[in-house]
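Asks: Before we start, here is the structure in question, set down as C-alpha cells.
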Amino acid sequence: MVTNDDRAGFVPGVRLAVDVGTVRIGVASCDPAGLLASPVVTVLRDRGRDADTPAARDLAELADLVEEYHPVEVVVGLPVTLSGQESYAARDVRAYAARLADRIAPVPIVFADERMSTAVATRRLSDRGVRGKRRRAVVDQAAAVEILQSWLDAHRRRTDA
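Each residue of the sequence shown is one higher than the one before, starting from 200 at the first, in our numbering.
Here's what the structure looks like:
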C-alpha cells in the first residue's frame, strides 16, 4: 500500500527510509521511539533485464531489510522541485515505490519531501572530512538519514502541537 503522508498522529515504531536514485538506493532506519535516524546500507539499483519485475535484486534486498527490521512503515523520499512540482524523477520514484509496496505488503509506504537531502548529506559528509570514493559510497545512506530524520522531526512537532 502506498499512501501520501498526511496523518496527524505519530505512531512509535521502527521505520526504514529509502532514497531512490538512478544508480544507488540509500537506506536508513530509526529507533523504535522514532527519535534518531541512522544509516543502514547502500543498495545498487538493478538496471538489468529484470529491473522492472518482482525478480529485481534491489527490490529483493529491500524486502529482506523490511523482514529484518519489521518497520511500521517505509518512508520513501520523493524528489520535487524547489517550487514543489513533481519531476520525471518523482514519477520514477513513485513507480519504484509501487513495485516495492507489492513486495513488502502489508507494510505501508509513505512519501516524504526529499528536497535538498542529497545536497545537505554531501555537505555534512564534507564537513566531516569524508571525500571522494568514500563519500560516494555513503552519500545515499546519508541522504536517507536526512529524509527520515526530517520526517520524524516533522511528525513529532505535529503530535506535540
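From the three backbone atoms N, C-alpha and C, an ideal C-beta is built for every residue, glycine too.
Note that the structure is predicted; figures quoted are calculated from it, not measured.
So, is TYR287 buried or exposed, given that buried needs 16 or more other C-beta atoms within 10 angstroms?
Replies: Label assigned to TYR287: exposed.
Asks: Of the residues ASP301, GLN284 and LEU277, which one's Cα is nearest the Cα of ARG293?
Replies: Checking every option, the nearest Cα to that of ARG293 belongs to LEU277.
Asks: Ignore the nearest five residues each way along the sequence and tell me which others in ASP245's own chain have a CB closer than 8 Å to its CB.
Replies: Excluding positions up to five away in sequence, the list reads ALA255, ARG256, ASP257 and LEU258.
Asks: CB SER237 to CB VAL213, shorter than 8 Å?
Replies: No, these two residues do not count as a Cβ contact at 8 Å.
Asks: Could you give the first and the last residue of the continuous beta strand (DSSP E) run that contains LEU215?
Replies: Unbroken beta strand (DSSP E) run through LEU215: 214-219.
Asks: Using 8 Å for Cβ pairs, my map puts VAL226 next to VAL240. What's the rounded Cβ distance?
Replies: About 5 Å; that satisfies the 8 Å criterion.
Asks: Candidates GLY233, ALA353 and VAL306: which alpha carbon is nearest VAL265's?
Replies: Closest by alpha carbon: VAL306.
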